[in-house]
Structure formats: structure tokens, C-alpha cells
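Residue 867 is where the sequence shown ends in my numbering, and the numbering goes up by one at each step. Worksheet for the structure shown next.
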Amino acid sequence: MNRLLQFLRPLVRFNYSHPFFAISLGLVSAVILAGFAIQLKIDTDIANLLPKSNPHVQSLRQLQATLGGETVMQVAIRSPRFEDNIAFAEELIERSLNMRDESRNNTFFNRAEFRRDTEMLRDNALWFATPGELTEITEWLEEEIQQAREQANPFFIDFSDDYEDDDIAEPTRNLEDFRTAYNELIPSEYPVNEDSTLVIVSLHPTGSQSNIGYLEDMFEEYGNMLGSTEYQTRYPEMEVVFGGRLKRHLNELESIMSDVFNSFALGVSSVILLVLLFFFFKKYMSYRRGSRGDQTHTIWSHLIRAPIPMMVIGIPLVVSLCWTFGIAYFVLGTLNTMTSVLFVILFGLGIDYGIHYYARYIELRSDGQSVQEALLHAYERTGAAIMVSSLTTSAALFVLTVADFRGFSEFGFIAGTGILLALFCMLFMLPSLLTLFERFNWMLLNRRSEANGKEARQWRYPFSKAIVAGSILLSAAVLFQVNKLEFEYQFGELEPEFPEYEAFRDFTSGVDESSRRNPAYILADTDEHLFELVERVREMKETNPETMILDVEALQERFPPSNELVGEKLETISDIRGLLDNPFLADQENEDLDLLRRGAGTVTPPDMEEIPDFLLNRFMTREGELGRFIIIYPNDGLSDGRKSIAFKEEIGRIEVSDGQAYYAASTSIVAAEMLDLMISESPYMVAITFIIVFAFMRFSFRSFRWSLIAMIPLITGLLFLFGIMLLTGLNFNFYNLVVLPAILGIGCDNGVHVAHRYLDEGRNSMWDVLSSTGQHISIGSLTTMMGFAGLLFTSHPGLQSIGLMAVAGIGMTLLTALTLLPALIQILGDRNWIRF
């Protein structure tokens, strides 16, 4: 490390001699890269957190490219009169489709869904039934005929009346699957609730749902258009609400942007205030300890110059941030939910190195050194610790880049790059600023007088044995309970709540609600593969007692793709007509038989042009062809990550007879894959981080013993963090796990600085170490904690958990660096186990 410092020493001399050149070069490059950095967008698509090569991601992209994935905007209209609702909805559709987006020279919407022509479907209901449903209908009719025949026999006695037997009741359930599918396939004429007081219009937007500006303009213009209809005057009892999932998507994007801005404003302002106060008092007290004859400036002069330390430290930091996010633009192109808050985090992290350098510079200048001497000595004495801490932190973060989970890898790349660039700017741009400000006499430093000179103080750290013993007991207690730490699998607990969306859902409840939600899709290459996939999924459902499969269907079962299958289906329908004409059923009147009689009239397959658009839109590809895919429905909600993973494990990969493998696609499947991947990679990330941190310690200290000593605050602080999590109920989740390796890299800094300074000062110098370096690591850790603390005030629970874990973890490593580490060094020194 010393060789590296000596190698770069001429650069410090150059920056001292040419401060304007160094500052100008940094600022110009920062402005250029900042122009690219501000173009970074935030991508909330969870599929982009997995590698593009992931088969489930590829399947999802293929599904979206084949079927489309646009989200509609919904308009809900409610009043006591059904006729008023229909009339206003039709008027609103015409107005909506005529709305123009002047900035794009296009309409906001290209089509609407409202009235549904269901007569054709009811007349051909059996044509749209699956072979399995037709088989069940046939069995049910045969049972009905048999039962009617037996009841017509005067000598028949029904002994089943005396028994409750599920097997006897089975035939009455044979029509259940068909009726469920019938209701799904053939809804009411209008999307209305049960009492027809609420109708919903669906509008398809022409713009991209990732374009925030377009969505904001669309919703604003729609509100203005709706107000111009004066519907409240015409229909006093009518309520109209618009939004739906598209509005929730916009709210989510706006919420993240707001969280980023608020956390940045809060975190940065608190960091700046802390740094200003610390260095104002440090500089002023140092000035007052100097020669009285040189104290020519009043406290007001110091107050006026109070922002100078923040400028000295802040300018290199801002330059490094511009470089970092400019590079991120070229390498990554976008930010994700986890990396969107890195600006404020890196502000709190990167400022540490400037604090250490600047604070040491003030001390050396107070000792009477010239500007150049103080710059070089601060670089040499503080540079080693700064470089080790930054390299270990960045290395710990760069470990994340090897993860397949892009939430880890992109976080690690941006944060690791930011740390290295902050180190570079603090070591080589900050000296230029100090030189410049010294020339204009803006620093107001005073040489310490002889009477107030620095005195070496031999001091023993008090209560060292009690502190070490207590820390060991607490650590052991946490180790015995660490297996109780849990992972948060409930996705809903990590997502922000949007009252507007929840209110819209409550308002529209009861309209077109389905029990079949969160389906997974598998695209098949051939019809043969498609039917084989259906059979394999049904087989898995029947053979697995803990199956997550509710049902599976393929559209080709409802729309036969070949003449042979068309003939078979028409023959089956003809057989059902024969059963319905049976004398024992012909005169019977009930709802089920009436439905079947009407739906069994198909004698020739209907043309595609006859099928209503609202049905075709569900089944057709973008090219207007019948989609070749199967749909698999889960039998339970997938908001629980464990169930989502179980569903993925069951149907995620299916191999057909010729060896070709197919992968299921859905956002739930991708979320399960992301969760599974992250949990499996986390232990390796943490283990590799520990190894790398120790390797850097060993390289820096060149002593195995001192490497272990310097890591004590990190290890113990991490255990104390786990203890806090156990006491507070804070769980791991796929947001805060990303910060755990970062805490390992950040948490080692304090131990490195204390250990390096103690080695510089010598035996029994802990008082001088804590009164100087102890202050610096406290301020450095507090600024880092404040950077993360900005996340505590966001509306996103996942981001809040990052802030909680980081603040607690860094706080515990600081606490142990100021208490346990000095106590341990004291005990080891008393036993002559410390070597210099």
C-alpha cells in the first residue's frame, strides 16, 4: 500500500502546483458526464432484475412480443339507472377516442372495450368447450337419462335417499367445470356489477406505459375532458372514476421519483449540516488554540467562511458522482428500484474520505506545517487508511457484480465505481481546492502555540475487560438465536400502498371478477407439443397431492387447429344433441339443459369473422393468428413468495417427449425466479465479501494479527445488527439483502482507521487516536448513516428496510470500533501481544 501511495505522490505535488488545471479538468468532465447522467431512467420491470439469458425471462419476453402486454385505462361509471350509465359510457367512448395528444400528434387511445356481443357465443357454447368439458357434459347427460329412466320405472326404489355418499353425488358435479368456463368465456353483455348500477369502460392507450410524460399528460387531459362533460349536472347521482392498473403504474413511477428526490434532499441536507457544524467547531477550536498574536479574525469571520469545508469536500464528491452516473448511463442505460437511491447513499459514503483527509490536514497545519507539507503528510498518513477502507468497500461491492441477480450486480457496479471515483477525487482534486483556498486566505488556520502544543498522553482505556466480556456474551447470545432470523416472503409487505388505486379497486369490485388469477403461460412451437404440454400439466396436477395447479387450458382445445379435430368435435356435439333429444330429457325444463340445448346447435365451425372481438383479443397474437400457448392457473394466491416458488418449481420447466424443454412465463414466475436466485446467491456473496475484506486487511497491515484485530468491529457489529433484527422483528427481504455485503465493506472502515492510527501513534496512544481519528470515523459513519437514513422517510417499504438495516449495521460497527476495539487493544497490549 505504501508503494502505491509513493507511486501516486507526484500527482499530489502536481495538483498543488497547478490547482486551476486540476479543478477545471474535474469540473468540465463532470459537466459533460452529468449531461448523460440526468438521462438515466428508472426501470420498475422486475424481469429486468434477472439476466437476459434466464429462460423464464426469455419466455416472458417472447410472450409479450407474441401476445402484447399493454395495460388498459379503466373508467368506472356508477348511478342507480342502468340506462344512464350505458348512455354516458357510449358518449364517453366517442369523446375518449377523439382526444388528441398534441405533443405526439396522435390520439391518446386507439380502441375501447365496452359492449360485448355474446349471442353468437351462447348459440355455439359447446363449440368453445374443451374436449374434457364435452366429455363431462356427455357423462352428465347420460346420468340424467339413466336417472329419469329409473324414476319412470314403477318398480324402482331409490335406496340412496337413506345415505350421504359423495360418490353418488358425483354426477351432479360433472357440469361444474363447464359452467365455470362458460361464465369465464361468455360474460354479460356489458361489464357490470350484480345489480347493474356500475359499468366499466376499458380504453387502450397508444403510448408506452413506461413514458411518464405521456401518462401524466393523458390522465390530466382525461380529467379535463371528463369535467367538460358536466355529467354531475346532467346525472346528479352519477359517480365517474378513472384509473386502474395503468394509473397505479404511473403512481409507482412517480412515487419512486418522489422518494429519490426526498431521500436525496433529506440525506444530503443533513450530511451537509453535520459536516458544516463539525468542521466549524474543529477549525475554530484549532484557531483559538493557536498563538494569540495571530488571532486577528473574529468569530464572524469564521462564520462567514463556514461553508468552505463543505466546498472543499463537496466539490470533489459531486464531481465523482457525476462521473459515476455518467458511466452508469453508458454501461447500464437505466437504473432499477434498488439503484435509484444510490446517489444519496454514495453522497454519504464518498464524503467520508474527504472528512478524514481534510480533518488531518487541519491538524497538521495547526502543528505549523506549510500547505504543501500538510497536503503531503495528510496524504501519506491518512491516505493508507483511506485507500484500504475504500478498496475494501469497493471490492465488497464489486463482488455483487458477479451475481446473476441484477439487483445485486448493478447495485455493486454503480456503488463500487462510485467509491473508487470518490477516493480518487478526494486524494487528488481536494488538495487543489485546499491550495486555492489557502492562497485566498479563506481557511483561517492558526499555528498551535507552544503552550497549547500537542502533548503525548499515556492513557489506558477504562473498563476494557468488562467491555470485552460483555461483547463476547452478547455475541454468543445472538449466535444461539441467529437461526430465528427470517426472510420476508410476502411481496405485498414490500410494496408501497396507493390509496387511490385501492379506492378504485373497491369502487369497481364485483365487475368481471374471476377466481382464476395470476396464470402462467407456455408458448408451444407445434400443435403436437401444445397438446402434450396440456396432458403433462394435468398429469402433474393429478399425481401431486400438494399441487399448486388449479387448472390448465389450451385455446386450441376450444378452437380445433386441424380438420380432423374439427370433425371430432362436431361429432361429439352431434352426440350431445342426440342425448338432449332423448325422450327422457326432451320434455324436461331446467337452466342447465336450456343452456346446453342452445349451445349445441353448431353444425359447422364458425368463421373467425363471426367471433366477437372481445373474445378474439384474448386469444389472438399481434399478427392476428390464433395463439399457440397453454394457460396454467394456480390454485392459490401468489403474493406469498414460498407459494410463488412452489408454483414455479412445479410448472416452470416441462420437457416433451422429443426432449425439447419449455419454460413457463408470467410476472409471478419471474418474481419467484428472482427470489429463488437471490436467496441462493446471498450466502456466497457474503462469504466472498468476507474473504476479500480480510485479504485487503492482510495486504494493508502485513500482519495476520492486526488484520484480525481490525476486523473485530465488523464481525461484532454484524452480530449486534442481527441482535437488533431479532429484537425489532426486522426481516431479511430481497431489497435489504443487497445492502448486507455493502455493510461488510463499509463496516470495516472504522476498524481500519483506528488500527492504522494506533500503529502510527504507538503504544498506549489510544487517547490521541480516539480524540482525533475517533472523531473522524464518528462523523464519517454518521454521514454514511444519514445518507441511508433518507430512505427511512420514503413511502416504499422495501427501500425503508434498506435504510433500517444500513443505519443499524453501520451504527453497530461504529459503536464497536469506539468501544470494543480500543478495549481489546488495551488488553492485548497489557499481555504484550501487540507488535509495532
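For glycine and all other residues, C-beta sits at the position ideal for the given N, C-alpha and C. Note that the structure is a prediction, hence the values are computed from the model and not measured.
Excluding the 5 residues preceding and the 5 following residue i in the sequence, name in chain order all residues of the same chain whose CB lies nearer than 7 Å to its CB.
{"i": "residue 127", "result": "140, 143, 234"}
{"i": "residue 645", "result": "144, 147"}
{"i": "residue 694", "result": "86, 87, 90, 683, 684"}
{"i": "residue 102", "result": "240, 276, 277, 280"}
{"i": "residue 800", "result": "785, 788, 789, 792"}
{"i": "residue 738", "result": "725, 728, 729, 732"}
{"i": "residue 781", "result": "744, 808, 812, 844, 845, 848"}
{"i": "residue 831", "result": "822, 823, 825"}
{"i": "residue 80", "result": "367, 436, 437, 438, 705"}
{"i": "residue 120", "result": "108, 145, 230, 232"}
How many angstroms separate the CA atom of residue i from the CA atom of residue j?
{"i": "residue 542", "j": "residue 104", "result": "15 Å"}
{"i": "residue 836", "j": "residue 767", "result": "7 Å"}
{"i": "residue 755", "j": "residue 129", "result": "58 Å"}
{"i": "residue 556", "j": "residue 363", "result": "33 Å"}
{"i": "residue 863", "j": "residue 856", "result": "10 Å"}
{"i": "residue 64", "j": "residue 658", "result": "46 Å"}
{"i": "residue 492", "j": "residue 734", "result": "23 Å"}
{"i": "residue 200", "j": "residue 559", "result": "Confidence in residue 200 is poor, its pLDDT being 42 and thus under 50, which makes the residue's placement unreliable; the coordinate value appears in the next sentence. Going by the C-alpha atoms only, they are around 36 Å apart."}
{"i": "residue 520", "j": "residue 544", "result": "26 Å"}
{"i": "residue 615", "j": "residue 704", "result": "55 Å"}
{"i": "residue 262", "j": "residue 269", "result": "7 Å"}
{"i": "residue 564", "j": "residue 123", "result": "44 Å"}
{"i": "residue 69", "j": "residue 446", "result": "17 Å"}
{"i": "residue 668", "j": "residue 135", "result": "40 Å"}
{"i": "residue 622", "j": "residue 660", "result": "33 Å"}
{"i": "residue 854", "j": "residue 397", "result": "30 Å"}
When the Cα of residue i is compared with those of the options, which residue comes out closest?
{"i": "residue 871", "options": "817, 411, 849", "result": "Nothing can be reported for residue 871, as the shown portion of the chain is limited to 32 through 867."}
{"i": "residue 13", "options": "83, 756, 460", "result": "Given that the chain is displayed from residue 32 to residue 867, the structure contains no residue 13 and the question cannot be resolved."}
{"i": "residue 497", "options": "469, 68, 299, 850", "result": "850"}
{"i": "residue 159", "options": "802, 711, 600", "result": "600"}
{"i": "residue 157", "options": "183, 110, 213", "result": "213"}
{"i": "residue 764", "options": "288, 834, 795", "result": "834"}
{"i": "residue 175", "options": "164, 624, 300, 302", "result": "624"}
{"i": "residue 403", "options": "429, 468, 426", "result": "468"}
{"i": "residue 390", "options": "408, 209, 376", "result": "408"}
{"i": "residue 746", "options": "852, 689, 824, 611", "result": "852"}
{"i": "residue 443", "options": "98, 772, 854", "result": "772"}
{"i": "residue 540", "options": "223, 426, 375, 716", "result": "223"}
{"i": "residue 454", "options": "215, 656, 386", "result": "386"}
{"i": "residue 769", "options": "57, 437, 666", "result": "437"}
{"i": "residue 578", "options": "381, 664, 283", "result": "664"}
{"i": "residue 797", "options": "592, 672, 531, 495", "result": "495"}
{"i": "residue 549", "options": "702, 60, 165, 384", "result": "702"}
{"i": "residue 76", "options": "553, 369, 713, 178", "result": "369"}
{"i": "residue 681", "options": "303, 551, 253", "result": "551"}
{"i": "residue 151", "options": "656, 752, 698, 637", "result": "637"}
{"i": "residue 586", "options": "227, 640, 656", "result": "656"}
Going by beta carbon distance, what residues of the same chain come within less than 8 Å of residue i, once the five residues before and after it are set aside?
{"i": "residue 749", "result": "774, 775, 778, 840, 843, 844"}
{"i": "residue 861", "result": "none"}
{"i": "residue 783", "result": "416, 419, 420, 423, 728, 731, 741"}
{"i": "residue 805", "result": "785, 849"}
{"i": "residue 15", "result": "No statement about residue 15 is possible, as the shown extent of the chain runs from 32 to 867 and does not include it."}
{"i": "residue 149", "result": "217, 218, 219, 220, 643"}
{"i": "residue 859", "result": "740, 865"}
Got a sec? Which residues, its chain only, sit under 6 Å from residue i by beta carbon, not counting five neighbours each side?
{"i": "residue 456", "result": "347, 350, 351"}
{"i": "residue 306", "result": "341"}
{"i": "residue 527", "result": "286, 826, 827"}
{"i": "residue 110", "result": "116, 266, 268, 269"}
{"i": "residue 378", "result": "299, 818"}
{"i": "residue 246", "result": "281"}
Please tell me whether residue i has its Cβ less than 9 Å away from any Cβ of chain D.
{"i": "residue 742", "result": "Absent from the structure: chain D. Only one protein chain is present."}
Since residue i and residue j are thought to touch, with beta carbons under 8 Å apart, how far apart are those beta carbons, to the nearest angstrom?
{"i": "residue 463", "j": "residue 718", "result": "About 41 Å separates the two Cβ atoms, so there is no contact after all."}
{"i": "residue 465", "j": "residue 406", "result": "6 Å"}
I want to check one thing, is the minimum distance from the CB of residue i to the heavy atoms of the ligand FAD below 8 Å?
{"i": "residue 821", "result": "The ligand content of the structure shown is nil, which means the ligand FAD is not present either."}
inquiry  = Between the region 233-252 and the region 270-290, can you find at least three pairs of beta-carbon atoms closer than 8 Å?
reply    = These segments touch.
Three CB pairs or more closer than 8 Å across the region 606-616 and the region 166-177 = Segments in contact, yes.
inquiry  = Between the region 810-825 and the region 495-511, can you find at least three pairs of beta-carbon atoms closer than 8 Å?
reply    = Under the 8 Å Cβ criterion, the region 495-511 does not count as touching the region 810-825, having fewer than three qualifying pairs.
task = Evaluate contact between the region 43-62 and the region 331-340, counting only Cβ atoms and requiring at least three cross-stretch pairs below 8 Å.
result = Verdict: no, contact absent.
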